[in-house]
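Those protein sequences? They're chains A and B, same order as listed. This note's numbering applies: residue 3 is where the first sequence begins, and numbers increase by one. This note's numbering applies: residue 838 is where the second sequence begins, and numbers increase by one.
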Amino acid sequence: MATHEIFMPALSSTMTEGKIVEWLKKPGERVERGESVLVVESDKADMDVEAFQEGFLAAVLMEAGSTAPVGETIGLIVETEAEIAAAKAAAPSPAAAAPAAPAPAPVAPPAPVPAPVAAPVPVAVSPRAGDGRVVATPRARKLAAQLGVDLAALRGSGPNGRIQAEDVEQATGQPVSVARVAEGTAPAMAAPAGNGAAAAPAAPAGQSFGRAGETVAFNTLQQAVVRNMNASLAVPCFHVGYTITTDRLDAFYKQVKAKGVTMTALLAKAVGMTLARHPQLNASASDAGMAYPASVNVAVAVAMDDGGLITPVLASADRTDLYSLSRNWADLVARSRSKQLKPEEYTTGTFTLSNLGMFGVDRFDAILPPGTGAILAVAASRPVVAALKDGSIAVRRQMQVNLTADHRVIYGTHAAAFLKDLADLIENRPERLAL
Amino acid sequence: MAPNTPAILFEAQGPVPFPLAWDWQRRLQRRRFDDPSAPDALLLLQHTPCYTLGRGASLSHLGFDPDHPPLPLYRIDRGGEVTHHGPGQLVLYPVLDLQRHGGDLHLYLRALEDVVLAVLQELGLEGQRIEGLTGVWLEGRKLAAIGVGARRWISQHGLALNVNGSLEGFGAIVPCGLAGRAVGRLVDWRPCLTPEQVAPLLLAAFAHRFGLTLRPPGPEEGLGES
């Protein structure tokens, strides 16, 4: 079968993805060898992409306006008019124009996907389109090199048998994870300091995006983080800390856990309710002055496995009930993993929550995301020996929270009053979170 | 590549209407397709007032009706958003085989920024890059706009450096689609500076950065009606 793929070209060693500006040919149209088929843009540079074979443009797999990773198949060229229909049928339907890189193309060819196995197992070599060369995505190649998988022994699940990263993972028995999301589910059930044993689920081994000696380009998500972090340097921030006793919150969590309530939802609800009474903490600095958003949207920072950070938003966290918040959060996390969040679902936060409690972190401070006034860093809740007001000594579970705020809008007294109310709600009235 | 490779320099005398300069670039590009051993070429000129839009540019950055623009408006085959050209702005259009210069479009954009930064340094000014915003900036104002297009790695379009022209034309657009970012010109820092004074600095910086020796076109290398 003479189907030739058009790949997203690498216009630069620092280019991870490119935008399709325009298809110069329509599906079904004849293309000459060397004729421009489409235009790709990266930064302020355009490049005409030409056909290396003459034939017919059979399918456009990525529409104009969409963005595709370098090496992704974006179109198909066939040699004869008769092959157009067959190539079209085998190809996945075109991805709609999206602002971010779409998820990997769905499985198209009839080849059955090998079931996950425990060790690298060679799978029968499938015949390659044309000349027998191995067709694989750049990510699949890199992964194969890292995991020691022989690409020639794999059967690809991509268009025309192209080997995808998932195929490599499957061959090693690794779970097909698009992106692992490190998400706080509890203000940590970490072991008390000093005994050295981590009681919490073991933290993943240290993550790295490259091998020793390499310099690896930032991917799109990481680049977004770089931009945001640099922008934060222009904001005069200060930090205010508070220690909150969580025994009653933990007890309440045990009661509602069975109803699907997560600790993230509890914390977001507590922050949302307190923000509603402290609008100054929900405000941000703008050129025109202090901007007070129409609603309280609590964003929660989530680390992505493939780099970068995303902040899914629990909209109107003050007015949404705890059970809906928990369901919304589960849905947002699931769709973060598959990269299906709409921009308004991760860019509309008015206040951010960052929780590292599940790793046993006892204190940290967060960097303020642009366009907001404050972010709260939540650390682990741990049993400590506490001196109580009546002079007695008792063991209490306590967590430290640390607020980072833009001093142009939020002053020390605002931050202090907010934290005092938040602590009061969590320490004394956690059941109000369910009202 | 070997240092000091010869390259042809075309320098226009008076302001050039955009379509003419565009046609020159495409001719030079075609020459390279037909003869891969043809030398790199460079156009240095000033434009008559106009607006140009990159291929993917948004019309929302125009402060006017695109059907009735106050100046001629061209949608062209480069990357980037809308910009304005006019007398007092030096425009440099390199038609290079980028495969001979690294084969990396982002690197090429950075190299064009290097050229402008070197010119500013000659004038005792410290220009800046802003991460993610291609161009050259001075004290928060954008002095040079950059946008390129390539076919088979042969470049066209390039950079525009504001020297002493009126900035009024930028008022009707959001230059490069960047709201809230001002446009500047060299004469506001170095009074009395003219494009004629800056041109040799720009050419020298370009030749140095790209390892080229500039020479005028030979008798067979003209661009016709120039």
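A virtual CB, placed ideally from N, CA and C, is assigned to each residue, including glycine. These numbers were taken from a predicted model, which means no experiment stands behind them.
Once the 5 residues before and after residue i are set aside, which same chain residues still bring their CB inside 6 Å of it?
| i | result |
| --- | --- |
| Ala278 (chain A) | Val298, Asp320 |
| Phe1007 (chain B) | His921, Val1020 |
| Tyr911 (chain B) | Phe855, Thr889 |
| Arg130 (chain A) | Low confidence applies to Arg130 (chain A): its pLDDT is 41, below 50, so where it sits in the model is not reliable, and the reading given next is rough at best. Counting only Cβ-Cβ distances below 6 Å, and skipping sequence neighbours, we find nothing. |
| Ala914 (chain B) | The sequence given here has Asp at residue 914 (chain B), not Ala. Around Asp914 (chain B): Arg892, Gly986. |
| Gly20 (chain A) | Met10, Val42, Ser44 |
| Arg966 (chain B) | Glu950 |
| Leu933 (chain B) | Asp877, Ser992 |
| Ala1042 (chain B) | Val952, Ala955, Val956 |
| Ala894 (chain B) | Glu918, Val919 |
| Ala417 (chain A) | Val242, Leu405, Ala407 |
| Val258 (chain A) | none |
| Val137 (chain A) | Arg164 |
Give me the Cα-Cα distance between residue i and residue j, rounded to the nearest whole angstrom.
| i | j | result |
| --- | --- | --- |
| Leu927 (chain B) | Thr885 (chain B) | 11 Å |
| Glu24 (chain A) | Leu946 (chain B) | 21 Å |
| Pro345 (chain A) | Cys1029 (chain B) | 48 Å |
| Ala236 (chain A) | Thr350 (chain A) | 21 Å |
| Thr16 (chain A) | Lys256 (chain A) | 49 Å |
| Arg329 (chain A) | Asp308 (chain A) | 25 Å |
| Phe54 (chain A) | Val39 (chain A) | 10 Å |
| Asn197 (chain A) | Gly362 (chain A) | With a pLDDT of only 39 at Asn197 (chain A), under 50, the local geometry of the prediction cannot be trusted, and no value is derived from it. |
| Ala396 (chain A) | Asp249 (chain A) | 12 Å |
| Trp1026 (chain B) | Asn284 (chain A) | 42 Å |
| Ser383 (chain A) | His241 (chain A) | 20 Å |
| Ser1003 (chain B) | Leu880 (chain B) | 22 Å |
| Glu83 (chain A) | Gln166 (chain A) | 28 Å |
| Ala1016 (chain B) | Leu13 (chain A) | 27 Å |
| Pro873 (chain B) | Glu848 (chain B) | 23 Å |
| Leu975 (chain B) | Asp871 (chain B) | 41 Å |
| Pro194 (chain A) | Gly158 (chain A) | In this predicted model, Pro194 (chain A) has a pLDDT of only 37, less than 50, meaning its place in the structure is not dependable; the value taken from the coordinates is given anyway. When rounded, the distance between both Cα atoms is 48 Å. |
| Ala1009 (chain B) | Leu865 (chain B) | 32 Å |
| Leu1038 (chain B) | Leu998 (chain B) | 12 Å |
| Ala388 (chain A) | Lys46 (chain A) | 59 Å |
Residue i and residue j look like a contact to me (Cβ under 8 Å); what is the Cβ gap, rounded to whole Å?
| i | j | result |
| --- | --- | --- |
| His280 (chain A) | Asp423 (chain A) | 7 Å |
| Gln402 (chain A) | Val386 (chain A) | Gln402 (chain A) to Val386 (chain A), Cβ: 10 Å. No contact. |
| Leu980 (chain B) | Gly964 (chain B) | 7 Å |
| Pro371 (chain A) | Asn230 (chain A) | 6 Å |
| Pro1012 (chain B) | Val953 (chain B) | Not a contact, Cβ separation roughly 16 Å. |
| Phe366 (chain A) | Asn404 (chain A) | 7 Å |
| Ile86 (chain A) | Ala60 (chain A) | 5 Å |
| Leu882 (chain B) | Ala858 (chain B) | 6 Å |
| Trp861 (chain B) | Gly940 (chain B) | Trp861 (chain B) to Gly940 (chain B), Cβ: 24 Å. No contact. |
| Ser234 (chain A) | Gly375 (chain A) | Not a contact, Cβ separation roughly 12 Å. |
| Leu1023 (chain B) | Val1000 (chain B) | 5 Å |
| Leu1040 (chain B) | Leu846 (chain B) | 7 Å |
| Ile79 (chain A) | Gly57 (chain A) | 5 Å |
| Glu968 (chain B) | Asn232 (chain A) | 6 Å |
| Ser71 (chain A) | Thr5 (chain A) | Per the sequence shown, the amino acid found at residue 71 (chain A) is Pro instead of Ser. Not really, about 21 Å apart at Cβ, beyond 8 Å. |
| Leu942 (chain B) | Met64 (chain A) | Not a contact, Cβ separation roughly 19 Å. |
Can you list, in chain order, the residues of its chain with a C-beta nearer than 7 Å to that of residue i? Leave out the 5 residues immediately preceding and following it.
| i | result |
| --- | --- |
| Arg434 (chain A) | Leu427 |
| Gly2 (chain A) | Because chain A here runs from 3 to 437, residue 2 (chain A) falls outside it and cannot be looked at. |
| Glu1033 (chain B) | none |
| Lys90 (chain A) | Ala60, Ala61 |
| Pro1056 (chain B) | none |
| Phe420 (chain A) | Thr276, His280, Leu283 |
| Ala267 (chain A) | Leu324, Leu327, Ser328, Trp331 |
| Pro295 (chain A) | Asn284, Thr352 |
In the DSSP assignment, what are the bridge partners of residue i?
| i | result |
| --- | --- |
| Glu43 (chain A) | A:Lys21, A:Asp48 |
| Val985 (chain B) | A:Ala47, B:His994 |
| Cys1029 (chain B) | DSSP, once it has assigned bridges, lists no residue as partnering Cys1029 (chain B). |
| Thr248 (chain A) | DSSP output for Thr248 (chain A) lists no bridge partner at all. |
| Ile312 (chain A) | A:Val304 |
| Cys239 (chain A) | A:Asp408 |
| Glu7 (chain A) | A:Leu78 |
| Arg978 (chain B) | B:Leu975, B:Ala1019 |
| Phe847 (chain B) | B:Leu880 |
| Val853 (chain B) | B:His884 |
| Gly291 (chain A) | A:Ser288 |
| Pro71 (chain A) | A:Glu19 |
| Asp934 (chain B) | B:Ile991 |
Can you name, in chain order, every residue of its own chain whose Cβ lies under 8 Å from the Cβ of residue i, other than the five neighbours on each side?
| i | result |
| --- | --- |
| Val273 (chain A) | Val300, Ala319, Phe353, Leu355, Leu378, Leu424 |
* At which residue ranges does the stretch 352-397 of chain A contain complete beta strand (DSSP E) runs of 3 or more residues, listed in the order of the chain? -> 353-357, 376-389
* Just list the beta strand (DSSP E) runs in the stretch 883-907 of chain B, keeping only unbroken ones of 3 residues or longer that don't cross its boundaries, in chain order. => 887-890, all fully within the stretch 883-907 of chain B.
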